[in-house]
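Undergrad:
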Amino acid sequence: MNEPGLEKAMDTLQYLSQDSDARRLYEARQKYLHDEASMIEGAKSAGIIEGKLQVARNLLAMGMDYVAVAKATGLSEDEIRSIKL
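Start counting the sequence shown at 112; every next residue gets the next number (the numbering used here).
Rendered as structure tokens:
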């Protein structure tokens, strides 16, 4: 085994297979990291959508028509029409 990453993974696997408490802690940590990554991704998506809606509000306030605002933001015309200024 010449690859350090693979060797480290094998050592970790061997350790975890021998110690049930360590395995449980490892699995809990992995779940936490996965949940945190999912939460961050969801927040990013929500922020992007909110940004598009704010741009759409600004463009509508400047007098642009729904079709142009939809093209500029990537939102649908129905989404644009539902925006409250």
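Glycine is no exception: its CB is placed at the ideal position from the N, C-alpha and C atoms.
Note that this is a predicted model, so its numbers are computed, not measured.
Using CA atoms only, rank isn't needed, just tell me which of Gly174, Arg168 and Ser187 is closest to Val194.
TA: The question names Val, but residue 194 is Ile in the sequence shown. Taking only the C-alpha atoms, the option nearest Ile194 is Arg168.
Undergrad: Report the option in Leu164, Met173 and Gly174 whose CA atom is closest to the CA atom of Ser187.
TA: Ranking Leu164, Met173 and Gly174 by Cα distance to Ser187 puts Leu164 first.
Undergrad: Applying the 10 Å Cβ sphere with the 16-neighbour rule, what's the burial state of Ile191?
TA: So Ile191 ends up on the buried side.
Undergrad: Run through DSSP, which three-state label would Met121 get?
TA: It is helical.
Undergrad: CA-CA distance, Glu138 and Leu144?
TA: Glu138 and Leu144: Cα-Cα distance of roughly 10 Å.
Undergrad: Does the beta-carbon of Val178 have 16 or more other beta-carbons within 10 angstroms, so that it is buried, or is it exposed?
TA: Val178 comes out exposed.
Undergrad: Looking at the secondary structure, which residues open and close the alpha helix (DSSP H) in which Lys155 lies?
TA: Ser131 to Ala172 is the extent of the alpha helix (DSSP H) around Lys155.
Undergrad: Which word fits Ala181, buried or exposed, when buried means at least 16 other C-beta atoms lie within 10 angstroms of its C-beta?
TA: Answer is buried; the Cβ neighbour count reaches 16.
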